[in-house]
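Here's the structure, in structure tokens; my notes come after.
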Amino acid sequence: MTNTNLAIETLTARLAPQAEARPAQGAPPPVETWNPPFCGDIDMRISRDGSWRYLGSLIQRPALVRLFSTILRKDPERYVLVTPVECVGIAVDDAPFVAVELSVEGTGPQRILRFRTNVEDWVAADADHPLRFESADAGGVKPYVLVRGGLWALVSRPVAIDLITLGEVRNCGEGDFFGVCSAGKFFPISPAEDFDDLE
């Protein structure tokens, strides 16, 4: 076993038992209720593409990444992995998750857009899980969907293209905006006259 693999196994032994103690089948642990002491930062990073690295090496086991993702929390100062007895800071390059699949259910105003993340969470865009759009460095927009507790998923480019094709123009009281609708909620992307520049 390499030193990096040994370090990952050691970290897993420290953090995984609490991650596995879930309140309900498939539900993440109640990390928002845990208040252990902060134990400092560890050399773990979530890259923009959603991959996780520890000590500079890629964590290649999807089940392990999924496990760590369930004890991830966004505090005001930093992202942390948290258990009832320990809290450690990690680095996140952009968003902690990536939306890699889009499912469309129904039609019209009550259509529901569901996103699957790279750690196998499904989330429906709605009032509690809004979409937001930021300007991309190379032009266009970067969509995000809120997964839970301040943790957002960056919508991958192929999924973002599919999302934009579902857009429509609506009057939002301050003018006409191009955006997308899900679960009865309209999420504006840009003023209608600018939407041709988003593609």
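The opening residue of the sequence shown carries number 46 in my numbering; numbering runs sequentially from there.
Glycine is no exception: its CB is placed at the ideal position from the N, C-alpha and C atoms.
Fair warning: this is a prediction, and the values are worked out from it, not measured in the lab.
- Bridge partners of Asn216 according to DSSP: Asp221.
- Taken through DSSP and simplified to helix, strand or coil, Val130 comes out as coil.
- Taking the Cβ atoms as the reference, Leu126 lies roughly 30 angstroms from Leu208, outside the contact range of under 8 angstroms.
- Using a 10 angstroms sphere on the CB of Cys226, the tally of other CB atoms reaches 16 or more, which defines it as buried.
- Counting C-beta atoms within 10 angstroms of its own C-beta, Ala237 has 16 or more neighbours from the protein chains shown and is therefore classed as buried.
- The beta carbons of Lys119 and Ala172 sit about 19 angstroms from each other, so the pair does not count as a contact at 8 angstroms.
- Between the alpha carbons of Leu191 and Ile91 lies a distance of about 17 angstroms.
- Apart from sequence neighbours up to five positions away, the residues of its chain that approach Trp167 with a beta-carbon distance below 6 angstroms are Arg159, Arg161, ordered along the chain.
- According to the DSSP assignment, Ile209 belongs to the alpha helix (DSSP H) that extends over 202-210.
- Taking all protein chains in view, the Cβ of Cys217 is surrounded by fewer than 16 other Cβ atoms within 10 Å, so the residue is classified as exposed.
- If the five residues before and after Leu196 are omitted, its C-beta is found closer than 7 angstroms to the C-beta atoms of Leu117, Lys119, Pro141, Phe142, all from its own chain and listed in chain order.
- The segment 87-136 contains, as complete alpha helix (DSSP H) runs of 4+ residues, the segments 107-114 (chain order).
- Only residues of its own chain outside the window of five on either side were considered, and among them Ala228, Gly229 have a CB closer than 8 angstroms to the CB of Gln155, listed in chain order.
- 8 angstroms or more divides the Cβ of Gly185 from the Cβ of Val133.
- Under the three-state reduction of DSSP, Ala237 is assigned to helix.
- Between Phe232 and the set Val137, Glu77, Gly212, the nearest pair of CA atoms involves Gly212.
- Looking at the DSSP output, Ala181 shares a beta bridge with no other residue.
- For Asp138, same chain residues with a beta-carbon under 8 angstroms away, outside a window of 5 residues either side, are Arg90, Ile91, Ser92, Arg93 in chain order.
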